[in-house]
């Protein structure tokens, strides 16, 4: 039975939850607000009036476009390669048994438990000892390394919820390993793969610490932000940060909608089959 | 059937090998190399020589114990604050939010997708010396003698708490959400009052989430240097600031390498002690 005390407690919980969410969004609101700031001079600390100028010309700052494009290209390539490598590791560790399992598990999980500053310094050391010229390629190599663990964990979560019998049925019906993988397993884990890719893309796009160690002369969006932060960020950076947020949210909803659509199609198909 | 079995095993190896080879070359090898670098002697101008110079480790500790202790303190305080803020939020989302649940979940995840640096710079703007937050804090007498919020440990700890809060909310939410509610009902049916039911049933069942959340917050907080750099001053610098500047500015590679391993060692010790305190079952469930 609900007492007054219960109701007071639930209301307090609700207020606390909303306040916590507001706290999470205060800086994002500030970032969005200052993307419309009609700032005079190069500083963007006080709000001086509303303008759409920065949204119309988001790349009006020297070097910003190159840095932003580099970040997008690196994130896309790192995601693609990490997803390909990650599907293999996730499938193998869930579906097959083999020796050295503990070592493999540690190799996947340890990078996630290692501070970024340690990872970045260690990679730079290796590149220095090996005489590797640092730039686009070394950034890409680093990004594949630190996104791989997240990809494996996300795809594995999907695989663990999957019915093994569907794959066995495909094999019983004469499909070989490769056909089963391509026609049965991959389509089934596709939503997990999409989620993993989105996560890897977002993590890569936002990385500053490790990139700062291995970047050489190459600029990325976070490196540009860090360099500009000393004198105050130009509002164009706010525009791009908010635009990226909106794009990623749109992609998340798209992934959800496609899944829901596929779910309905499957339900319809099984309804027909049952009849 | 032996041939089929072998074939199956080969497919397993073929799938796992590229990813594992990649992590061996770009994760394990750099760390091994870094261990070797930490024992070198020399300087940036004349170059470094392998030397088995183990005394770098005690030297690093005596030179930077202040920053190390500060990192542990800041990370621990921020982790506790994250838990205090996150637990009621996660509890509300799991048990009370009803149809708002998914929207709230989305709102917790969204800050992840705005640049970490941009959000931290936004805190700089919010806490700036001429801003209204400082005015309010001043009139409440919260700022002490400096009349500032920026360049204080309050700002750094608040920044760390803010940045890692979602890492605490999500695992707590997951463990509360998949809890069997009938267990709580059973407890109250058996005459446990609400508080006892919470303490003896809800909280123990949420422990895997508490474990995962505290580690996911504490580990990155311990190595963080962005908050100390953007919201603090050199007197708030943490071990991450030292590693970064020893490596990229001072170019004392052995010192930076040694500090990296001291940091990793501290994390391993913390995880082990914590796992022992909570019991290994939680560790296994948190990892799974």
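Chains as they are written, first to last, in the working numbering: chain A, 80 to 354; chain B, 713 to 1000.
Cβ coordinates follow ideal geometry from the N, Cα and C atoms, glycine included.
Asked, Found
"Where residue 287(A) falls: helix, strand or coil (DSSP)", "coil"
"Test: residue 713(B) CB closer than 8 angstroms to a CB of chain A", "Summary for residue 713(B): the model assigns pLDDT 46, below 50, so the residue's position carries little reliability, and this model does not support an answer."
"Per-residue contacts from residue 883(B) into chain A (C-beta, under 8 angstroms)", "Near residue 883(B) there are no residues of chain A at all, since even the closest Cβ is about 13 angstroms away, more than 8 angstroms."
"Where residue 241(A) meets chain B, residues with beta-carbon distance less than 9 angstroms", "Neighbours of residue 241(A) on chain B: none; closest Cβ ~16 angstroms, over 9 angstroms."
"Contacts around residue 972(B), its chain only, beta-carbon distance under 8 angstroms, and the 5 residues preceding and following it disregarded", "746, 750 and 955"
"Under 8 angstroms from the C-beta of residue 805(B): neighbouring residues of chain A", "96"
"Among 744(B), 775(B), 831(B) and 727(B), the one whose alpha carbon lies nearest that of residue 104(A)", "831(B)"
"Proximity test, Cβ basis, 8 angstroms: residue 334(A) and chain B", "no"
"Environment of residue 898(B) [buried if 16+ CB atoms lie within 10 Å]", "exposed"
"Residues of its chain near residue 713(B), where Cβ-Cβ distance is below 8 angstroms and the 5 sequence neighbours each way are ignored", "Low confidence applies here, because residue 713(B) scores a pLDDT of 46, under 50, leaving its location unreliable and the question unanswered by this model."
"Contact with chain B by residue 193(A), beta-carbon distance below 8 angstroms", "yes"
"Chain-ordered residues of the stretch 833-848 of chain B with a beta carbon less than 7 angstroms from chain A", "833, 834, 835, 837, 838 and 840"
"Short CB-CB distance (under 8 angstroms) between residue 137(A) and chain B", "no"
"Presumed contact (8 angstroms Cβ cut-off) between residue 953(B) and residue 871(B), rounded CB distance", "Residue 953(B) to residue 871(B), Cβ: 13 angstroms. No contact."
"Straight-line Cα distance separating residue 347(A) from residue 354(A)", "Caution applies to residue 354(A), whose pLDDT of 49 falls short of 50 and renders its modelled position unreliable; the value that the coordinates give is listed next. Approximately 11 angstroms between the Cα atoms of the pair."
"Any beta strand (DSSP E) of 3 or more consecutive residues that is wholly inside the stretch 134-196 of chain A", "none"
"Residues in the stretch 773-791 of chain B having any Cβ partner in chain A nearer than 9 angstroms", "none"
"Residue 759(B) in three-state terms, based on DSSP", "strand"
"Cβ pair count under 8 angstroms reaching 3, the stretch 304-316 of chain A against the stretch 251-258 of chain A", "no"
"Chain A within 8 angstroms of residue 861(B), Cβ atoms only", "no"
"In DSSP terms, what residue 923(B) is bridged to", "In DSSP, residue 923(B) forms no bridge with anything."
"Bridge partners - residue 753(B), DSSP secondary structure assignment", "761(B)"
"Contact with chain B by residue 171(A), beta-carbon distance below 8 angstroms", "yes"
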